Amino acid sequence: MKRETKITLLALMLGVASMPALAQDDTTGTTTETTTTQTTQNDNGGMDWGWLGLLGLAGLAGLRRKEPTVVHQTTTNQTATPR
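Here it is in structure tokens:
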């Protein structure tokens, strides 16, 4: 694509991105205030799901990659000398 075409497309996309903000402008000058209070009680049936998640993560801890066991062997050759 030519450089001028890229610049034109970029300018158009930036212009379109600002359109929803322009559409929300209130030009009538009237204001109506409405207050709604809603109380909900959600006790999840008495279950604390956070603890269940922590138990699940603790169960996954045993699946982590184990470090390889390194074994070092040292051999010595000692010959008995006759006396």
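Mapped onto mature numbering (1 follows the signal peptide of the UniProt record, and there is no 0), the consecutive letters of the sequence shown carry residue numbers -23 to -1, 1 to 60.
No residue lacks a Cβ here, since even glycine has one placed at the ideal position from N, Cα and C.
Here the structure is a predicted model, which is why all the values come from computation and not from measurement.
Reduced DSSP secondary structure (H/G/I, E/B, other) of residue i
i: residue 24; result: coil
i: residue -22; result: coil
i: residue 11; result: coil
i: residue 51; result: coil
i: residue -16; result: helix
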